[in-house]
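Notes follow the structure.
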Amino acid sequence: MQRSVFPPVTRRAWLAATAGTLALPGLARAQAAPVKIGLVTVLTGPQAAPGTHLRDGFLLGMRHLENRIGGRPAEVLVIDDELRPDAAVTKVRAALERDRCDFIVGTLFSNILAAIIRPVTESQTFLISPNAGPSPIAGRGCSPFFFATSYVNDQNHAVLGAAANDGIEVGGTRRPIRRVMIITPNYQAGRDAAAGFKSTFRGEVMDETYVALTTTDFSAELAQIAARRPDAIYTFMPGGLGVQFVRQYRQAGIAIPVLSAFTVDEAVLPAQGDAALGLYTGTTWTPTLPNEQNTRFVADFLTQFNYVPASYAAHAYDTAMLLDSAVKRTSGNLADKGALRAAIRAADFRSVRGPFRFGTNNFPVQDFWLAQVGRRPDGRLQTEHVRKVFENAVDPFAAECRMPAG
């Protein structure tokens, strides 16, 4: 567990600003008490890259807020969940019981979220997820102490099915996609990805291939794709799988369009290199979305961390802004859970995505985009928005949520 370090000038400036209130001990103590946030993400192992994006996006938000939440000084405890549910639970319990965190922000992976959600919400502490969004928590398992600033996991895959129906730009011409072959890893998230794509795609799924999570050689699968010549490939290959798949796809000389989610993004583009150029993804956000908040976020992120942010960073940045808006709305009072919940639900902040609000299940109602990998003026790769596919989208599980009283 790692505490963020605040620049000394910020702390001195705050002390100077409050010096005039020292004759009022009760008020001074209330102002001095920091808002404590436990930030849970994976920072070790092969999935550390997207986990680092999440951490850095949140910390940039805190820098923009001058390390304050709702006007109160703030302290961030960075928790490496190690991508191990047991480790995550142990560390989060310590953050709640020993460190007295007021909020828990996380996680990257749904299995880690599933492990920590009960101890966090049962303590009546608000848990805000900037990435993981499993459908059970969006539906019947919804909680008044859980909010997501990301999406329901299925939604990004459904974007590609809908986009395929309308046609994909190839060589400057939009071509209808009528026949698709699907290839994903053989585990629950892979099957959910295929289901999400098929939920909106109206064409023919010629074949579904499920490969082992340990796959490093896709030559047999790519040969089959080349032989059968679908209009497009749909794939979900996160992390290292995506790096290997994209490189081998290019090496095989296949010209069939690739539609994907979580396969090409800024967390893996540096490793994929030019092999990823032109490939498509479905997303809530890209670095190119034209709004003032996003322009500032991307520019400052590049200056601070010297790499292009992914959606994990963007959602985490929004989470910092959300918490600031909520605590500000309650005048710094964290004790009234009902008022604080209403303040979070109000989502009174400017998102890097543009329009944003919460639905009845505490998941976002937002726009989704078809995006394509392109090259920035500085030579680095990024995802770039092509067209809006869903506007003010409500996830398909919201109707199942019967929000319990909290």
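Under this note's numbering, the first residue of the sequence shown is numbered 5, with each subsequent residue one higher.
No residue lacks a Cβ here, since even glycine has one placed at the ideal position from N, Cα and C.
DSSP state of tyrosine 214 mapped onto helix, strand, coil:
strand
7 Å CB neighbourhood of glutamate 388 in its chain, flanking five on each side removed:
Thr290, Thr292, Ala375, Gln376 and Gly378
How long is the line joining the alpha carbons of leucine 164 and alanine 403, rounded to whole angstroms?
23 Å
Of the residues Arg333, Phe249, Thr45 and Ile348, the one placed nearest alanine 224, counting alpha carbons only
Phe249
With 16 as the cutoff for other CB atoms within 10 Å, does proline 138 come out buried or exposed?
buried
Start-to-end residues for the alpha helix (DSSP H) that takes in glutamine 51
Segment: none, glutamine 51 is in no alpha helix (DSSP H) and carries neither H nor E.
Which whole-angstrom value is the C-beta distance of serine 264 and threonine 287, which I expect to be below 8 Å?
Serine 264 to threonine 287, Cβ: 10 Å. No contact.
Grouping DSSP H, G and I as helix and E and B as strand, with all else coil, what is methionine 241?
coil
Which ranges does the alpha helix (DSSP H) cover as unbroken runs of at least 4 residues, wholly within the segment 63 to 107, from first to last along the chain?
89 to 101
Checking the sheet assignment: what are the DSSP bridge partners for methionine 185?
Asp211 and Ile237
Own chain, CB closer than 7 Å to isoleucine 181, minus 5 neighbours either side, in chain order
Ala168, Gly171, Ile172, Gly207, Asp235 and Ala236
Enclosing beta strand (DSSP E) for phenylalanine 372 [first to last residue]
368 to 379
N- and C-terminal bounds of the alpha helix (DSSP H) containing asparagine 295:
Asparagine 295 -> no alpha helix (DSSP H), and no H or E assigned at all.
Sub-7 Å separation of phenylalanine 305 and proline 313 beta-carbons:
yes
Can you grab the Cα-Cα spacing for the pair arginine 88 / phenylalanine 149, in whole Å?
23 Å
Mapping the DSSP letters down to three states, classify asparagine 396 as helix, strand or coil.
strand
What distance in whole Å lies between the Cβ atoms of arginine 354 and glutamine 308, which are believed to be in contact at a cut-off of 8 Å?
Not a contact, Cβ separation roughly 19 Å.
What separation, rounded to the nearest whole angstrom, lies between the Cα atoms of asparagine 310 and valine 124?
34 Å
For a test of the three-state rule: what should DSSP assign to threonine 3, helix, strand or coil?
Any question about residue 3 goes unanswered here, given that the chain covers just 5 to 410.
What would DSSP say about serine 147, mapped onto helix, strand or coil?
coil
Name the two residues that bound the continuous alpha helix (DSSP H) containing arginine 349.
341 to 350
Is the CB-CB distance between threonine 213 and isoleucine 187 below 7 Å?
yes
For the 8 Å Cβ check, are there 3 or more pairs between the segment 55 to 70 and the segment 98 to 106?
no
For valine 44, the residue or residues it bridges with in DSSP
Ile83
Any contact of the segment 193 to 205 with the segment 253 to 262, i.e. 3+ C-beta pairs under 8 Å?
no
Using the three-state DSSP reduction, which class does glycine 286 fall into: helix, strand or coil?
strand
With respect to the alpha helix (DSSP H) encompassing arginine 195, which residues constitute its N-terminal and C-terminal limits?
192 to 202
Do glycine 363 and valine 390 have their C-beta atoms closer together than 7 Å?
no
DSSP state of threonine 387 mapped onto helix, strand, coil
strand
Boundaries of the beta strand (DSSP E) in which arginine 179 is found, first to last residue
177 to 179
Consult DSSP for valine 250 and reduce its assignment to one of helix, strand or coil.
helix
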